[in-house]
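Trainee: Heads up: the protein sequence lines correspond to chains G and D, in order.
For the first sequence, counting from 1, position 82 maps to 102 in the numbering used here; every step adds exactly one.
For the second sequence, counting from 1, position 8 maps to 564 in the numbering used here; every step adds exactly one.
Using N, Cα and C, we set each Cβ at its ideal position, and we do this for glycine too.
Sending over a structure as structure tokens; questions will come in a sec.
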Amino acid sequence: AQKITQTQPGMFVQEKEAVTLDCTYDTSDQSYGLFWYKQPSSGEMIFLIYQGSYDEQNATEGRYSLNFQKARKSANLVISASQLGDSAMYFCAMRESPNTGNQFYFGTGTSLTVIP
Amino acid sequence: AAGVIQSPRHLIKEKRETATLKCYPIPRHDTVYWYQQGPGQDPQFLISFYEKMQSDKGSIPDRFSAQQFSDYHSELNMSSLELGDSALYFCASSLPDWGLAYNEQFFGPGTRLTVL
Chain G
21 AQKITQTQPG
31 MFVQEKEAVT
41 LDCTYDTSDQ
51 SYGLFWYKQP
61 SSGEMIFLIY
71 QGSYDEQNAT
81 EGRYSLNFQK
91 ARKSANLVIS
101 ASQLGDSAMY
111 FCAMRESPNT
121 GNQFYFGTGT
131 SLTVIP
Chain D
557 AAGVIQSPRH
567 LIKEKRETAT
577 LKCYPIPRHD
587 TVYWYQQGPG
597 QDPQFLISFY
607 EKMQSDKGSI
617 PDRFSAQQFS
627 DYHSELNMSS
637 LELGDSALYF
647 CASSLPDWGL
657 AYNEQFFGPG
667 TRLTVL
């Protein structure tokens with residue numbers, strides 16, 4: 021079964037508006053971490069934001085915030101005041117308890133296009 | 557700040573040839589991960605090393621092998637290359653786990669391998 025599901029292959033947003041990228045996850049671990057990465061066309065993976073399973077507050081990093089709904093197993097990324105430079109692929113990833121492995125599980129990604 | 561270094565950045569090989577990809581982690585990072593990202597795909601975990609020992613194994617073909625050396629750099633050796641091996645290969649590094657689910661993996665810029 022897919023551990024990370026991103027149901028939006030492509031999204032468009034007007035410059036300066038906010039956009040939400042969806043991510044749901046599947047794990048039976050109590051301790052896990054959720055990450056969002058941005059991958060521009062140049063290919064590098066850029067870390068954006070992290071949410072721990074025990075964190076009670078939603079994570080925020082500048083214009084990025086994570087809408088964490090643990091009961092629904094969702095960790096949506098919200099980008100506020102979109103900029104043209106935000107156009108890229110966005111991957112949601114999960115790392116389960118270290119006891120069950122070190123690897124990151126990635127979703128299939130969402131391609132975001134910011135329209136001027 | 558120092559980042560993960562991967563070399564070469566681009567590599568073109570013929571079918572059935574061999575290739576060696578190198579990864580130099582961030583100083584003091586003792587854990588290295590390898591991921592393969594096919595065209596339009598999400599990154600897939602191949603293998604990881606902690607303190608020069610293999611720690612996890614993912615979907616790495618038998619034709620591939622990897623190791624981590626005493627200076628913590630890692631090499632991914634790929635033999636009998638196939639057309640389907642054409643992909644972006646990421647190396648990531650992280651600090652020791654210390655039993656934490658949060659342990660950000662810092663990604664290198666990737667090596668783009670093209671098999672003709």
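1) Identify the contact partners of Phe124(G) in chain D, using a Cβ-Cβ distance below 9 Å as the criterion.
2) Taking the Cβ atom as the reference point for each residue, do Ala641(D) and Glu607(D) lie within a distance shorter than 8 Å?
3) By the criterion of Cβ-Cβ separation under 7 Å, what are the contact partners of Gly614(D) in chain G?
4) Taking only beta-carbon positions, decide if Gly105(G) is within less than 8 Å of chain D.
5) Between the C-alpha atoms of Gln26(G) and Leu637(D), what's the straight-line distance to the nearest angstrom?
6) Taking the beta strand (DSSP E) that Thr133(G) belongs to, which residues open and close that run?
7) Given a cut-off of 8 Å, decide if Arg668(D) and Leu644(D) are closer than it, judged by their beta-carbon atoms.
8) Taking only three categories from DSSP, how would you classify Leu104(G)?
9) Taking C-beta pairs closer than 7 Å, name the residues in chain D that Glu37(G) reaches, listed in chain order.
10) So, helix, strand or coil for Asp49(G), using DSSP?
11) For a test of your reading of the model: does the CB of Asp42(G) fall under 7 Å from any non-hydrogen atom of the ligand FMN? Yes or no.
12) Residues in the same chain with beta-carbon distance under 8 Å from Ala558(D), minus the five sequence neighbours each way, listed in chain order, please.
13) Output the distance between the C-alpha atoms of Lys613(D) and Phe601(D), rounded to the nearest integer angstrom.
14) By a C-beta neighbour count over all protein chains shown, 10 Å radius and 16 as the cutoff for buried, is Phe625(D) buried or exposed?
15) Hey, could you find the ends of the beta strand (DSSP E) Phe124(G) is sitting in?
16) Do the segment 585-599 of chain D and the segment 125-133 of chain G make contact, defined as three or more Cβ pairs closer than 8 Å?
17) Quick one: which chain G residues come within Cβ less than 7 Å of Gly666(D)?
Mentor: Looking at the coordinates:
1) Tyr589, Tyr591, Pro599, Phe601, Ala648 and Gln661
2) According to the sequence shown, residue 641(D) is Asp rather than Ala. No, these two residues do not count as a Cβ contact at 8 Å.
3) Gln123
4) no
5) 31 Å
6) Thr130 to Ile135
7) yes
8) helix
9) In chain order: nothing, as chain D lies at least about 26 Å away.
10) coil
11) Inclusion of the ligand FMN in the displayed structure is not the case, the ligand content being empty and no account of it being possible.
12) Ile582 and Pro583
13) 8 Å
14) exposed
15) Segment: none, Phe124(G) is in no beta strand (DSSP E) and carries neither H nor E.
16) yes
17) Gly63 and Glu64
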